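Here is the structure we will look at, set down as C-alpha cells.
2 protein chains.
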Amino acid sequence: MTCRARPPLTRDSVIAGAIALADAEGIDAVSMRALAARLGVVPMALYKHVGDKEDLLDGMVDQVIDAFSADPEASETAPRPEDWRAAVRTRLLAARATLALHPWARRAIETRVRRTPAVLRHMDALTGLLLAGGLSADLTHHAMHTLGNRIWGFSPELFNDPGALPTSTRSSAPEPEPADYPAIMRVVTDAQQRRPGGSCDEDYEFVFALDLTLDALARLAADGWSSPA
Amino acid sequence: MTCRARPPLTRDSVIAGAIALADAEGIDAVSMRALAARLGVVPMALYKHVGDKEDLLDGMVDQVIDAFSADPEASETAPRPEDWRAAVRTRLLAARATLALHPWARRAIETRVRRTPAVLRHMDALTGLLLAGGLSADLTHHAMHTLGNRIWGFSPELFNDPGALPTSTRSSAPEPEPADYPAIMRVVTDAQQRRPGGSCDEDYEFVFALDLTLDALARLAADGWSSPA
DNA sequence: TTGACGAGGTGTACATCGTACACCTAGGGT
DNA sequence: ACCCTAGGTGTACGATGTACACCTCGTCAA
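Chains B and Z are the protein sequences, given in the same order.
Under the working numbering, the first residue of the first sequence carries the number 1, and numbering increases by one thereafter.
Under the working numbering, the first residue of the second sequence carries the number 230, and numbering increases by one thereafter.
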C-alpha cells in the first residue's frame with residue numbers, strides 16, 4: 001500500500017531522520033516507533049540499518065559532530081602553529097555554534113559512552129593543535145582532560161536548565177528557601193543587576209572559562225612544565 | 230501475608246533503599262518494581278513517599294550529597310579565609326571521596342535538572358568560601374561556572390568509560406582505526422609509558438585541572454579583575 | 001462507644017517502549 | 001531456473017512508569 005516510491009533507507013538517512021525529529025520535537029520524541037512512522041516504515045525496519053537504539057544515538061551525535069569536524073576549512077587552514085590558542089578557541093566556538101542548532105545534543109553527548117569516528121576526529125584535531133603549538137604530549141593530555149566537555153562547545157549546566165521544568169513538578173522534597181543560601185543569593189543579585197532580567201550568559205561563561213584555561217595552559221607550557229615523577 | 234512487621238516506609242527510607250540498590254546492582258537496576266520488591270512492598274506503595282521516579286532520583290543524589298554537605302565539621306571549621314584555595318580544594322576532594330562510594334552518582338548528577346536542598350547547600354558553601362576568600366561576587370560567579378561539574382568531585386569522562394562497554398556492542402558504525410588518529414595516539418603512547426598498563430589516572434587529572442583553575446582564579450583575584458562593561 | 005477520616009499499603013490495568021523472531025518479496029548472480 | 005540476500009513487514013513479548021479504585025488500620029472528636 002506504499003503507493004509512493006520511497007527511496008530506500010540507509011544508515012545515514014535513518015540517523016538524519018532521527019536528528020530532524022529530535023530538532024523538531026526534542027530528544028524524548030525519538031522513539032523507534034515515532035522515527036519509523038516519520039520515515040514511512042515499520043519500526044523493525046530500522047534495525048536493518050542501526051544495531052539498536054544506543055547505536056542510533058551514537059550515530060546522531062556522530063553526524064552532528066561531523067558538521068564541524070569533517071571540513072578542514074573550518075579552522076585548520078594551517079595557521080601559524082604558535083597561534084594554537086586562537087586555533088583551539090576558533091574550533092571550540094565552531095563546535096559551540098553547531099551544537100546550538102541541536103539543543104538535545106548537549107545531553108546526548110554527555111550520556112554517550114562510545115567514542116565514534118567523528119568524535120575521535122574532533123578530539124584528534126584538537127589534540128593536534130595543542131601538540132603543534134608546542135605543548136608536550138604529557139601536558140596535552142592533561143589539557144584535554146581539563147577542557148573536559150568544553151571541547152564540545154558547552155560547559156556543564158550549573159544552575160537550573162532554564163525552561164527544563166515545564167510541567168508542574170510534583171516532588172515531595174521541601175521547596176528550597178532562597179534565604180537559606182546567602183552566598184548564592186549574593187552572587188545572583190550581583191549578576192541580576194549586571195544583566196537585568198536574564199539568567200546566566202552562557203556564551204560569556206563559556207569563553208571566560210575557556211580563555212582562563214588556555215591562558216593557564218600557555219603559562220605552564222612556557223614554563224616547560226612536565227609531570228611529576 | 231506480611232507476617233514480619235515491617236517498619237513503615239518514609240521518604241528517606243525509600244530513597245536510602247534506592248541508593249543501596251544502586252550501589253549493589255547499578256543504577257539501571259533501580260526500577261520502581263525492583264525497589265518495591267527490595268523493600269517488601271508493592272510498587273505503587275512507593276508513590277506515597279516520592280512523587281515519581283524523577284523525584285526519587287533527585288532524592289538519591291540529594292541524600293548522597295548530604296554526606297559531605299551537611300556536616301560543617303567537614304572542612305568549614307572557619308580556617309583563615311585567605312586560605313580559600315585550600316578550603317575549596319579540601320571540600321571538593323571530600324566530595325570526590327564520597328562520590329567514589331557511589332559510582333552511579335556521577336551520571337545521575339549530570340542528568341538531574343532540579344537543584345535540591347543538599348545540592349544548593351553544597352553550592353552555597355562553595356560560593357561562600359570563594360567570597361570569603363576575597364573574590365568579588367562577579368568573579369565568584371564565573372569561578373563557579375568554570376569549575377563546572379568539578380564542584381561535584383569529578384571531571385567529565387573524556388575517553389571511554391572503562392568497563393562501561395560490557396556486552397558485545399553491535400553498532401553498525403565502522404570500527405575506529407587507531408592509525409587514523411595520530412595526535413591521540415601520540416599522547417596515549419606517552420601516557421602509557423608514563424603509567425604502564427593503566428588508563429588515565431583520574432585522580433591526578435582531577436587535581437591537575439582543579440589546581441590549574443584555582444591558580445588562574447587566584448591570579449585574576451589578585452589583579453582585581455572584574456567583568457567588562 | 002462510635003463514627004469519620006486520613007495515612008499508608010494493595011491490586012489491577014494501561015500505554016509505551018525496545019526488540020526478538022519468523023516471514024515475505026524483489027533483484028541479481030550463477 | 002535456481003537460490004541467495006538485502007530490505008521491509010507483522011506479530012508478539014517483557015519491562016517499565018504510573019493512574020485509579022480500593023482496603024485497612026490507628027487516631028481522635030462527639
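From the three backbone atoms N, C-alpha and C, an ideal C-beta is built for every residue, glycine too.
Quantities reported herein were computed from a predicted structural model and do not represent experimental measurements.
Alpha-carbon spacing of residue i relative to residue j, whole angstroms
i: residue 246/Z; j: residue 238/Z; result: 10 Å
i: residue 189/B; j: residue 366/Z; result: 9 Å
i: residue 218/B; j: residue 89/B; result: 13 Å
i: residue 133/B; j: residue 149/B; result: 21 Å
i: residue 337/Z; j: residue 156/B; result: 14 Å
i: residue 277/Z; j: residue 242/Z; result: 12 Å
i: residue 167/B; j: residue 344/Z; result: With a pLDDT of 45 at residue 167/B, under the threshold of 50, the modelled position of that residue is not reliable, and the figure given next carries that caveat. Distance between the alpha carbons of residue 167/B and residue 344/Z is about 16 Å.
i: residue 202/B; j: residue 266/Z; result: 44 Å
i: residue 311/Z; j: residue 424/Z; result: 36 Å
i: residue 1/B; j: residue 112/B; result: Interpretation of residue 1/B is limited by its pLDDT of 41, a score under 50 that renders its predicted location unreliable; the figure taken from the coordinates is listed afterwards. Straight-line Cα distance between these residues: approximately 38 Å.
i: residue 452/Z; j: residue 272/Z; result: 58 Å
i: residue 416/Z; j: residue 436/Z; result: 19 Å
i: residue 414/Z; j: residue 193/B; result: 48 Å
i: residue 151/B; j: residue 429/Z; result: 18 Å
i: residue 80/B; j: residue 309/Z; result: 46 Å
Beta-carbon proximity of residue i to residue j, cut-off 8 Å
i: residue 368/Z; j: residue 449/Z; result: yes
i: residue 122/B; j: residue 387/Z; result: no
i: residue 147/B; j: residue 84/B; result: no
i: residue 323/Z; j: residue 297/Z; result: yes
i: residue 101/B; j: residue 153/B; result: no
i: residue 244/Z; j: residue 288/Z; result: yes
i: residue 339/Z; j: residue 110/B; result: yes
i: residue 21/B; j: residue 34/B; result: yes
i: residue 320/Z; j: residue 269/Z; result: no
i: residue 349/Z; j: residue 181/B; result: yes
i: residue 347/Z; j: residue 412/Z; result: no
i: residue 216/B; j: residue 445/Z; result: yes
i: residue 197/B; j: residue 104/B; result: no
Option nearest residue i by Cα separation, candidates the options
i: residue 62/B; options: 11/B, 93/B and 35/B; result: 11/B
i: residue 205/B; options: 379/Z, 371/Z and 405/Z; result: 371/Z
i: residue 248/Z; options: 428/Z, 294/Z, 408/Z and 379/Z; result: 294/Z
i: residue 407/Z; options: 124/B, 181/B and 135/B; result: 124/B
i: residue 457/Z; options: 191/B, 42/B, 197/B and 151/B; result: 191/B
i: residue 135/B; options: 42/B, 24/B, 226/B and 23/B; result: 226/B
i: residue 252/Z; options: 452/Z, 436/Z and 335/Z; result: 335/Z
With a cut-off of 8 Å, do at least 3 Cβ pairs link the segment 208 to 226 of chain B to the segment 254 to 263 of chain Z? no
Does the segment 47 to 55 of chain B come into contact with the segment 397 to 406 of chain Z, if we say contact requires no fewer than three beta-carbon pairs (one atom in each stretch) closer than 8 Å? yes
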